[in-house]
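Enquirer: Chains X and Z, in that order, give the protein sequences. Note that our numbering gives residue 10 to position 10 of the first sequence, counting from 1, and the numbers run on in steps of one. Going from the second sequence to our numbering is simple: count from 1 and add 238. Pasting a structure below so you can have a look.
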Amino acid sequence: MHIHSVLSPCGDIEMSPCAIVARAKERGMDIIGLTDHNSTRNADVTRRVGEQVGLHVLMGAEVTTKEEVHCLCFMPTTEKLIEFQAFLDSRVVFYPNDVDRFGYQLVVDEEENVLDQVPHLLINALDLPILELQQKVYAMGGIFIPAHIDRPSYSLSSQLGFVPDKLKVHAMELSWHCKAGGYKFLDDCPWFSDFNFIQSSDAHFIEDIAKIHSVLEMPYFSFENFKNALRQGEQVIL
Amino acid sequence: MTVSEIIEKLNLQCLNEANLDAEVTGAYASDLLSDVMGNARSGQLWITMQTHKNVTAIASLKDLPAVVLVRDGVPDEDMLKHAKAEDICILVSQDATYELCGKLYEILK
Numbered sequence: 001m002h003i004h005s006v007l008s009p010c011g012d013i014e015m016s017p018c019a020i021v022a023r024a025k026e027r028g029m030d031i032i033g034l035t036d037h038n039s040t041r042n043a044d045v046t047r048r049v050g051e052q053v054g055l056h057v058l059m060g061a062e063v064t065t066k067e068e069v070h071c072l073c074f075m076p077t078t079e080k081l082i083e084f085q086a087f088l089d090s091r092v093v094f095y096p097n098d099v100d101r102f103g104y105q106l107v108v109d110e111e112e113n114v115l116d117q118v119p120h121l122l123i124n125a126l127d128l129p130i131l132e133l134q135q136k137v138y139a140m141g142g143i144f145i146p147a148h149i150d151r152p153s154y155s156l157s158s159q160l161g162f163v164p165d166k167l168k169v170h171a172m173e174l175s176w177h178c179k180a181g182g183y184k185f186l187d188d189c190p191w192f193s194d195f196n197f198i199q200s201s202d203a204h205f206i207e208d209i210a211k212i213h214s215v216l217e218m219p220y221f222s223f224e225n226f227k228n229a230l231r232q233g234e235q236v237i238l
Numbered sequence: 239m240t241v242s243e244i245i246e247k248l249n250l251q252c253l254n255e256a257n258l259d260a261e262v263t264g265a266y267a268s269d270l271l272s273d274v275m276g277n278a279r280s281g282q283l284w285i286t287m288q289t290h291k292n293v294t295a296i297a298s299l300k301d302l303p304a305v306v307l308v309r310d311g312v313p314d315e316d317m318l319k320h321a322k323a324e325d326i327c328i329l330v331s332q333d334a335t336y337e338l339c340g341k342l343y344e345i346l347k
């Protein structure tokens, strides 16, 4: 549910849509999420590549809010995805990317041809508070999951220390650092416990794809079924 | 005032000796990296509690001679390795941000 392509500056150059899909399929995944930093521009091509081999791809982004909290946001359709991207772009605080320091930010096609390079640094925070982001995602029928909440940087716990009162989430993501069965983070921070959790790879390199995953039960894949499975909690097996 | 003079006057610990002769023109205190990217100026010390490697990437990008970690902060292994590779001076203060800023402001003015 949390994979970076070559569009994220920190995403390895080998993380093309084809390579990501091939690896995920090889590792037995049924559903993956494409979540580049502040950009969805490789998500649709990844979905199309996945479709050809029976892999479902949720299209989204890992958005950096004004508070520097990372949040996974997924959209139900390509139309909504385009609208969401325009919304994110309207909140960009422009800072030019430095490819030597941060890495390339490449929009690519199915054949790994480079279609565009994003000029502004995608890991920068948007002028967008977390509550407003969440409300926008919900209003658009999307899925909203604060990312790696257990990590000491860019997480709800590191940046805010608590879950804001009005914030709604479909689930919280624990990083791969939280080993299954040993959720020390939740013991230490019990105010984060009352949520449904997923764990994802946060893969930036091919070999990291599916190094950890979550299991959700649903009658068949659809965006709505996925959202419901997240909400229902008792069917989420970590 | 140079980085090494500041280290001495404020009794800072130095974890990576680099830019010791660099002239310090001021300081910027912030724990939001995007804020530092947008607002810090070359020649300023960066005062922060963040200890991950993006800190050194940004210090290098913005030409900040040194990063001061407050409250005895310990840099991540990645951050220190990157600091050594990029010649970024990493300093540590026992003080919290407010006290450190107060002391630094006095000696720099």
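Where a beta carbon is used, it is the ideal one built from N, C-alpha and C, also for glycine. Note that the structure is a prediction, hence the values are computed from the model and not measured.
#1: In whole angstroms, give me the CA-to-CA distance for X/Gly181 and X/Asp187.
#2: Distance cutoff 9 Å, beta carbons only. Does Z/Asp273 sit that close to anything in chain C?
#3: Please report the straight-line C-alpha distance between X/Asn228 and X/Ala43, rounded to a whole angstrom.
#4: Within 9 Å (strictly less), CB to CB, does X/Leu230 reach chain Z?
#5: Is X/Gly303 helix, strand or coil by DSSP?
#6: With a CB to CB cut of under 6 Å and the five nearest residues on each side skipped, what residues in its chain are close to X/Ser158?
#7: What residue range is occupied by the uninterrupted alpha helix (DSSP H) comprising X/His70?
#8: For X/Ile20, tell me which candidate among X/Gly28, X/Gly54, X/Glu62 and X/Thr46 has the shortest Cα-Cα distance.
#9: For Z/Gln251, which residues of its own chain have a beta-carbon under 6 Å away from its beta-carbon, when the five flanking residues on both sides are left out?
#10: Per DSSP, what are the beta-bridge partners of Z/Cys327 in this structure?
#11: To the nearest angstrom, report how far apart Z/Lys322 and Z/Val241 are at their CA atoms.
#12: Under 9 Å, CB to CB, which of the residues in the segment 280 to 309 of chain Z have a partner in chain X?
#13: Under 9 Å, Cβ to Cβ, is there at least one residue of chain X near Z/Leu342?
#14: Among X/His204, X/Phe162, X/Val6 and X/Val57, which one has its Cα closest to the Cα of X/Phe221?
#15: To the nearest angstrom, how far is the alpha carbon of Z/Met275 from that of X/Asn196?
#16: Does the beta carbon of Z/Gly276 sit closer than 9 Å to a beta carbon anywhere in chain X?
#17: Mind checking the segment 85 to 104 of chain X against chain Z and listing, in chain order, the residues whose C-beta falls within less than 8 Å of any C-beta there?
#18: Counting only beta-carbon separations shorter than 9 Å, does Z/Leu270 have a partner in chain X?
#19: Determine, using beta carbons only, whether X/Ile123 comes closer than 9 Å to chain Z.
#20: Run through the DSSP bridge pairs and tell me what X/Phe144 is partnered with.
#21: Interface residues of chain Z around X/Glu68 at Cβ under 8 Å?
#22: Given 8 Å as the limit, is there contact between the segment 106 to 124 of chain X and the segment 164 to 174 of chain X, that is, 3 or more CB pairs closer than that?
Expert: Short version:
#1: Residue numbering aside, residue 181 of chain X sits at position 181 when the first sequence is read from its first letter. Residue numbering aside, residue 187 of chain X sits at position 187 when the first sequence is read from its first letter. With a pLDDT of only 49 at X/Gly181, under 50, the local geometry of the prediction cannot be trusted, and no value is derived from it.
#2: Checking the listed chains, one finds no chain C in this structure; the protein chains it contains are X and Z.
#3: Within the first sequence, residue 228 of chain X is the residue found at index 228, counting from 1. Within the first sequence, residue 43 of chain X is the residue found at index 43, counting from 1. Straight-line measurement puts the Cα of X/Ala43 at about 22 Å from the Cα of X/Asn228.
#4: The residue given as residue 230 of chain X occupies position 230 in the first sequence. Look at X/Leu230: its C-beta is not under 9 Å from any C-beta on chain Z.
#5: An answer regarding residue 303 of chain X cannot be provided, because it is not within the stretch 1 to 238 covered by chain X.
#6: In the first sequence, residue 158 of chain X corresponds to position 158, counting from 1. So the qualifying residues of the chain are Pro152.
#7: The residue you call residue 70 of chain X lines up with position 70 of the first sequence. Unbroken run through X/His70 is the beta strand (DSSP E), His70 to Met75; no alpha helix (DSSP H).
#8: On the first sequence, residue 20 of chain X is found 20 positions in, with the first residue counted as 1. The residue with the shortest Cα to Cα distance from X/Ile20 is X/Thr46.
#9: Here the question's residue 251 of chain Z lines up with position 13 in the second sequence. Closer than 6 Å at Cβ, skipping near neighbours: Val330.
#10: In the second sequence, the residue the question calls residue 327 of chain Z occupies position 89. For Z/Cys327, which the question treats as bridged, DSSP gives the partners Z/Ala304.
#11: The residue given as residue 322 of chain Z occupies position 84 in the second sequence. The residue given as residue 241 of chain Z occupies position 3 in the second sequence. If you take the alpha carbons of Z/Lys322 and Z/Val241, they lie about 16 Å apart.
#12: For the segment 280 to 309 of chain Z, the residues whose beta carbon sits under 9 Å from a beta carbon of chain X are, in order, Gln288, Thr289, His290, Asn292, Ala295, Ile296, Ser298 and Leu299.
#13: The residue you call residue 342 of chain Z lines up with position 104 of the second sequence. Using beta-carbon distances, Z/Leu342 does not count as an interface residue toward chain X, since no partner is under 9 Å.
#14: Taking the first sequence and counting its residues from 1, one reaches residue 221 of chain X at position 221. The shortest Cα separation from X/Phe221 among X/His204, X/Phe162, X/Val6 and X/Val57 belongs to X/Val57.
#15: Taking the first residue of the second sequence as position 1, residue 275 of chain Z is located at position 37. Taking the first residue of the first sequence as position 1, residue 196 of chain X is located at position 196. The alpha-carbon atoms of Z/Met275 and X/Asn196 are separated by roughly 35 Å.
#16: Start at 1 with the first residue of the second sequence, and residue 276 of chain Z comes out as number 38. Yes, because at least one Cβ of chain X sits closer than 9 Å to the Cβ of Z/Gly276.
#17: Answer in chain order: Val93, Tyr95, Asp98, Arg101 and Phe102.
#18: Residue numbering aside, residue 270 of chain Z sits at position 32 when the second sequence is read from its first letter. Yes - at least one Cβ of chain X is within 9 Å of the one on Z/Leu270.
#19: Here residue 123 of chain X corresponds to residue number 123 of the first sequence, with the count starting at 1. Yes, because at least one Cβ of chain Z sits closer than 9 Å to the Cβ of X/Ile123.
#20: Position 144 of the first sequence holds residue 144 of chain X. For X/Phe144, the beta-bridge partners assigned by DSSP are X/Cys73.
#21: Against the first sequence, residue 68 of chain X aligns to sequence position 68. Taking a Cβ-Cβ threshold of 8 Å, the residues of chain Z close to X/Glu68 are Leu270, Leu271 and Ser272, in chain order.
#22: Taking a contact to require three or more Cβ pairs closer than 8 Å, the segment 106 to 124 of chain X and the segment 164 to 174 of chain X do not qualify as touching.
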